[in-house]
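Taking it in order: structure first as structure tokens, then the write-up.
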Amino acid sequence: MSPNSLSRNRFRPPPLRSWSYGSTPTRPQPGGCSVPETRALRLGIAGPVGTGKSSLIALLCRELGGTIELGVVTNDIYTDEDARMLRAAGVLDPDRIRAVETGACPHTAIRDDITANAIAIEDLESDYPATELVLIESGGDNLTATFSPALVDAQIFVLDVAGGGDVVRKGGPGIARADLLVVNKTDLAPHVGVDADRMRREGEQAREGRPVIALSRNDADSIAALTSWVRHLLARHRHGEHVATDPGPMAPHFHADGTVHAH
Ligand SMILES: Nc1nc2c(ncn2[C@@H]2O[C@H](COP(=O)(O)OP(=O)(O)OP(=O)(O)O)[C@@H](O)[C@H]2O)c(=O)[nH]1
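Below is the structure:
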């Protein structure tokens, strides 16, 4: 980390404290934590650079902002570019869009040490207690980045057709096990020589039944599929039916003696 990025990083560690939700009803989460039953749903959006994560968040704010109380937290490495873009798009009250400057490899702040993001979300929820859904955008990263289930309740992994038709086959924890895989920018498929439908089918095969949505901002049906998936997830979260799962940092691996480790 350069000295510059350190001085630009606005995050300051909080004072140590023990945490209790008092008499608020809670439900257990993975890792022994528990969260209030009324807590906002935290939905992470991850995927490689430029696949359309900010655009997808802007779209969800436009489509859902009228009926659901929203907040957004963005992650960039050295800037607050994504937050500024979303504020400029006018899709949400600018104060409900918070930026984290990770100052390090993006997955560090969503997977390894989630403190900066957790505090940004908790600040947002404390300023807007009626918040029902917080969208957290990861910095653009490679195929291995996924959110910790300690930070988000569910996660979407975003690929785009412009990254090439073989990306789904390259696999990785986000592609295989995120709660939703989005194959984005399908309107560009004919221009980049990619079969978007085949990408979607390969995604479905790789994910063993977990959902895949082929999305384009120009395709109303695909937008409706996405918003309906989010509404359904929110309903399950409210009823305590959704449990966060970890896509997992590693695929099973083999050793020279033939043993297999599945983490
Ligand atoms: N044709 C087309 N372009 C899209 C679509 N969605 C997003 N884009 C464009 O794709 C480019 C990248 O979109 P962003 O939303 O900034 O992508 P991102 O994943 O947030 O990028 P990083 O934060 O840099 O990783 C922009 O030029 C968008 O306008 C889509 O459905 N169709």
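Going letter by letter, the sequence shown gives residues 1 to 263 in UniProt numbering. Cβ atoms here follow ideal geometry from the backbone N, Cα and C, with glycine treated the same way.
Give every residue of the same chain whose Cβ lies closer than 8 Å to the Cβ of LEU56, excluding the five residues on either side of it in the sequence, and list them in chain order.
By one-based count along the sequence shown, residue 56 stands at place 56. Answer for LEU56: ILE45, ILE156, VAL158, VAL182, ASN184, LEU215, LEU226, listed in chain order.
Of all the options ILE175, GLY47, SER228, which has the alpha carbon lying nearest to the alpha carbon of GLU208?
For the purposes of this step, residue 208 is taken as residue 208 along the sequence shown, with counting starting at 1. Nearest option by C-alpha distance: ILE175.
From ASP166 to LEU92, what does the alpha carbon distance come to, in whole angstroms?
Here residue 166 refers to the residue found at position 166 when the sequence shown is read from its first residue. Here residue 92 refers to the residue found at position 92 when the sequence shown is read from its first residue. Taking the straight line joining both Cα atoms gives about 35 Å.
From ARG236 to ALA40, what distance separates their C-alpha atoms?
Position 236 of the sequence shown, counted from the start, is the residue given in the question as residue 236. Position 40 of the sequence shown, counted from the start, is the residue given in the question as residue 40. The C-alpha of ARG236 lies about 12 Å from the C-alpha of ALA40.
Buried or exposed: where does ASP95 fall if 16 or more other Cβ atoms within 10 Å of its Cβ makes it buried?
What you label residue 95 is simply residue 95 of the sequence shown in a count that begins at 1. The residue in question, ASP95, is exposed, as its Cβ has fewer than 16 Cβ neighbours within 10 Å.
Measure the C-alpha to C-alpha separation of GLY22 and THR146 and round it to an integer number of angstroms.
In the sequence shown, residue 22 corresponds to position 22, counting from 1. In the sequence shown, residue 146 corresponds to position 146, counting from 1. With a pLDDT of only 47 at GLY22, under 50, the local geometry of the prediction cannot be trusted, and the value read off the model is given with reservation. Near 31 Å, if we compare the C-alpha coordinates of THR146 and GLY22.
Same chain, Cβ closer than 6 Å to PRO211, neighbours up to 5 away in sequence not counted:
Sequence index remark: in the sequence shown, residue 211 carries index 211 (1-based). Sequence-distant Cβ neighbours of PRO211 in its own chain, meaning closer than 6 Å and more than five residues away, are LEU180.
May I have the straight-line CA-CA distance separating GLY140 from GLY90, to the nearest angstrom?
By one-based count along the sequence shown, residue 140 stands at place 140. By one-based count along the sequence shown, residue 90 stands at place 90. When the Cα atoms are used, GLY140 and GLY90 turn out to be separated by approximately 22 Å.
For THR186: DSSP bridge partner residues:
Position 186 of the sequence shown holds residue 186. Its beta-bridge partners do not exist; DSSP assigns none.
Buried or exposed: which applies to ARG169, given that a residue is buried once 16 or more other Cβ atoms fall within 10 Å of its Cβ?
If you number the sequence shown from 1, residue 169 lands on position 169. Exposed is the call here.
DSSP beta-bridge partners for ARG98?
Translated into positions along the sequence shown, residue 98 becomes position 98. Per DSSP, VAL73.
At a cut-off of 6 Å, is ARG217 close to ligand 1 when judged by its beta-carbon and the heavy atoms of the ligand?
Taking the sequence shown and counting its residues from 1, the one referred to as residue 217 is at position 217. At least one heavy atom of ligand 1 is nearer than 6 Å to the Cβ of ARG217, so yes.
Could you round the C-beta distance between LEU43 and LEU133 to whole angstroms and report it? I think they count as a contact, below 8 Å.
Working through the sequence shown from its first residue, we reach residue 43 at position 43. Working through the sequence shown from its first residue, we reach residue 133 at position 133. Rounded, the Cβ-Cβ distance is 6 Å, consistent with contact.
Three or more C-beta pairs closer than 8 Å, one from the region 66-76 and one from the region 116-136: is that the case here?
Yes: at least three Cβ pairs fall under 8 Å.
Going by CA-CA distance only, name the one from ALA224, GLY50, ASN117, GLY65 that's closest to PRO149.
To locate residue 149, count along the sequence shown from 1; it is residue 149. Nearest option by C-alpha distance: ASN117.
Between the alpha carbons of GLY240 and ARG217, how many angstroms are there, rounded?
Translated into positions along the sequence shown, residue 240 becomes position 240. Translated into positions along the sequence shown, residue 217 becomes position 217. In a straight line, the C-alpha of GLY240 is about 31 Å away from that of ARG217.
Since I believe VAL100 is in contact with ASN75 (beta carbons under 8 Å), could you give me their beta-carbon distance rounded to a whole number of angstroms?
As a working mapping, residue 75 is identified with position 75 in the sequence shown. As a working mapping, residue 100 is identified with position 100 in the sequence shown. Taking C-beta atoms under 8 Å as the contact rule, ASN75 and VAL100 qualify, at a distance of about 5 Å.
Can you tell me which residues form a DSSP beta bridge with PHE147?
As a first step, residue 147 is located in the sequence shown; it is residue number 147 there, counting from the start. Per DSSP, PHE147 has no beta bridge partner at all.
Nearest by alpha-carbon distance to LEU143: which of THR51, TRP229, VAL243 is it?
The residue labelled residue 143 in the question sits at position 143 within the sequence shown. The residue from THR51, TRP229, VAL243 with its alpha-carbon nearest to that of LEU143 is THR51.
Taking 6 Å as the cut-off, is the C-beta of LEU188 nearer than that to any heavy atom in ligand 3?
In the structure shown, ligand 3 is absent; the only ligands present are ligand 1.
When DSSP labels each residue in this structure, what does LEU43 get in the three-state scheme?
For the purposes of this step, residue 43 is taken as residue 43 along the sequence shown, with counting starting at 1. Secondary structure at LEU43: strand, using DSSP grouped into helix, strand and coil.
Option in GLY66, SER138, GLU137 with minimal Cα separation from ARG231:
What you label residue 231 is simply residue 231 of the sequence shown in a count that begins at 1. Looking from the CA of ARG231, the closest CA among GLY66, SER138, GLU137 belongs to GLY66.
Integer-rounded CB distance, given that PRO106 should sit under 8 Å from SER138
Position 138 of the sequence shown holds residue 138. Position 106 of the sequence shown holds residue 106. The beta-carbon separation of SER138 and PRO106, rounded to 6 Å, stays under the 8 Å limit for a contact.
In whole angstroms, what is the alpha-carbon distance linking ARG200 and ALA224?
For the purposes of this step, residue 200 is taken as residue 200 along the sequence shown, with counting starting at 1. For the purposes of this step, residue 224 is taken as residue 224 along the sequence shown, with counting starting at 1. Each residue's alpha carbon lies about 17 Å from the other.
Return the CA-CA distance between SER222 and TRP229, expressed in angstroms with no decimal places.
Taking the first residue of the sequence shown as 1, we reach residue 222 at position 222. Taking the first residue of the sequence shown as 1, we reach residue 229 at position 229. Roughly 11 Å between the two C-alpha positions.
Within 10 Å of its beta-carbon, does VAL161 have 16 or more other beta-carbons around it, so buried, or fewer, so exposed?
For the purposes of this step, residue 161 is taken as the residue at position 161 of the sequence shown. Buried: at least 16 other Cβ atoms inside 10 Å.
Quick check: the Cα distance between LEU124 and PRO173, rounded to an integer number of angstroms?
Counting from 1 along the sequence shown, the entry for residue 124 is found at position 124. Counting from 1 along the sequence shown, the entry for residue 173 is found at position 173. Taking the CA atoms as reference points, LEU124 sits about 29 Å from PRO173.
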